[in-house]
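Below is one structure; the comments refer to it alone.
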């Protein structure tokens, strides 16, 4: 995105708040005008008061300056208040739009994105942007207006001396603009490295249990130090650039005053100009000196905001690969029939995941998927609610291509338990009711009982109001799985997707969950990704996948008799489960 486009777009966030913008800049104009009057008042005090020995003129000048100071204070209050208000209001809007974009971007985007980098854009980058939009922009405009006013006032006093004094200041302005062009790419590199640094930190903290289990703290610290050192190196280059330019800025201001005294002093002594005029010119240069020197900081701030806002806009402008067609149909009633017609899927890197997948599931059927890791089981279930779009073929629900349906109305008919259930840092009741926040406590408890979660929940001192830790770390894997199942069941979906949802529970708990699911899955189309024999035995159909293709399809007994991959999986992974179950039954009979 071009630099001018970035700034134009950023300033567009001020448009809805034109009233506050008007008041802020009206106050700015008043404050600037009052500043320009003060040297004229001092000039009159010197020429008509000190030079003439007129005490009344001195007192009058003092009173005027005092009044200006009071009015300047009131204008400064309005200027600061509304500038700060605009700063944080724009940050609020930008942060909200960024978060909304992240929420609506599809799974494919989040597969590629780093959480730490997204957090850096949402905090650090927006923070840098907000500093410029309000206070920084106002300071920049104030400096420009003051420069224009000072230049006009100086030429009105003495065109010859004004021309001489402004020479170094013109060089200063050009140097400040050049400085901004130099530091902008530096700031972009710093912000990008900060995003990478945040990603390294987030990943390490998320996997802290693995880090500690393998005693890899030194490695993680070294990895962090490498990223942190690179960030500091980028920052150090900026510090050197700033340090090399700032003394030059200060020198140019001092040079302007030197030239005024060198050429203006003799003119005042010769009576060509008054002493008050010389003092007024020096006052104007000093008045201009600080804002012009600050111009370097403001240009720096603008460069940072440009680099940071472009990173934020990158996310906001990321196209949503899951586009809802104009006139998409609502899926108000869903029977649960699912059809895959020669479906293929490949990621953006052209890596093929599925090829020529075709099957049909009747409403209410239990459909199991099994196969080696990476065979495409989870991808198939992700295509049904349209987390991804098939690159070939069609996925149909009740005869409707999912790409022809409204996304929200499609997904409201799904209950999903992902392979790694995510538990929010809220109460247990809130977690279970996440998909149906208006649910009554009776409904929440009923869902928990059905998922065999009620017993362990009531074991906590606060029961359903117990707050779980971040990502549910205070719960065991089996407890998180059962809460996730309860959350899916509470929405009363027509289609259930259980992505290896019993992988983290023991055999006894799995048996209890399976008993509940047999009743709760009645009338619902259910897709089950599982490696447990108990799940597979009760499926109406089992789809056996290998390298993204269907290699076998049928019921458990049929597939065993056919041999092939399913028989191999059974012999390697499932036979022991069956023998263990048989042994348990014999022991129960013996008792």
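Numbering (my numbering), first residue to last: 10 to 600.
Even for Gly, the Cβ is constructed at its ideal location relative to N, Cα and C.
Secondary structure of residue 126 (DSSP, three-state): helix. Excluding its 5 nearest sequence neighbours in each direction, residue 227 has no C-beta neighbour in its own chain below 6 Å. If you check the CB distance, residue 331 and residue 349 do not come in under 7 Å. Secondary structure note for residue 549: it is in no beta strand (DSSP E), with a DSSP letter that is neither H nor E.
For residue 446, the closest C-alpha among the options 455, 423, 401 and 500 is that of 500. Rounded to whole angstroms, residue 419 and residue 334 show a C-alpha spacing of 13 Å.
Counting along the chain, the unbroken alpha helix (DSSP H) around residue 138 starts and ends at 135-140. Taking 4 residues as the shortest admissible run, the segment 232-315 contains the following complete alpha helix (DSSP H) segments, listed from N- to C-terminal end: 274-278. Residue 433 places its beta carbon less than 7 Å from that of residue 440. With respect to the C-alpha of residue 536, the residue from 448, 368, 178 and 185 having the closest C-alpha is 368. Residue 577 sits exposed, since fewer than 16 C-beta atoms from the chains shown fall within 10 Å of its C-beta. In terms of Cβ geometry, residue 213 and residue 229 form a close pair [threshold 7 Å].
Scanning the segment 390-466 from its first residue to its last, the whole alpha helix (DSSP H) runs of 4-plus residues come out as 416-420, 437-441 and 450-459.
Looking at the DSSP output, residue 533 bridges to nothing. Under the three-state reduction of DSSP, residue 97 is assigned to helix. It is roughly 32 Å from the alpha-carbon of residue 105 to the alpha-carbon of residue 505.
According to DSSP, residue pairing for residue 33 in a beta bridge does not occur.
The closest CA to that of residue 186, considering only 195, 311 and 98, is found on 311. Of 26, 248 and 79, the smallest CA-CA separation from residue 92 is found for 26. Residue burial is scored here from C-beta neighbours: residue 263 has fewer than 16 other C-beta atoms within 10 angstroms and is therefore classed as exposed. Shown here for residue 283: same chain residues with a beta carbon closer than 8 Å to its own, the five before and five after excluded, namely 52, 55, 56, 60 and 277 in chain order.
A direct Cα-to-Cα measurement between residue 383 and residue 354 gives close to 13 Å. The segment 160-180 and the segment 192-208 do not touch, with fewer than three beta-carbon pairs separated by less than 8 Å.
Counting of Cβ neighbours within 10 angstroms places residue 28 among the exposed residues, the total staying below 16.
Look at residue 383 here: in three-state DSSP terms it is coil, with no helix or strand label.
In the same chain as residue 538, and ignoring 5 residues on each side of it, the C-beta atoms closer than 6 Å to its own belong to 378, 386, 508 and 509, in chain order. At a cut-off of 3 residues, the continuous stretches assigned as beta strand (DSSP E) that sit fully inside the segment 338-368 are 347-355. Residue 318 counts as buried, since no fewer than 16 other beta carbons sit within 10 angstroms of its beta carbon. The continuous alpha helix (DSSP H) containing residue 161 extends over residues 146-166. Its chain contains no residue whose beta carbon lies nearer than 6 Å to that of residue 556 once the 5 sequence neighbours on both sides are disregarded.
Within the same chain, and ignoring the five residues on either side of residue 444 in sequence, the residues whose Cβ sits closer than 7 Å to its Cβ are 496, 499 and 500.
Shown here, residue 558 sits in a strand according to DSSP, grouped into three states. Closest by C-alpha distance to residue 146, out of 251, 175, 568 and 315, is 315. When 84, 325, 288 and 362 are compared, the shortest CA-CA separation from residue 109 is found for 325.
Taking C-beta atoms under 8 Å as the contact rule, residue 175 and residue 160 qualify, at a distance of about 6 Å.
With fewer than 16 other Cβ atoms inside 10 Å of its own Cβ, residue 281 counts as exposed.
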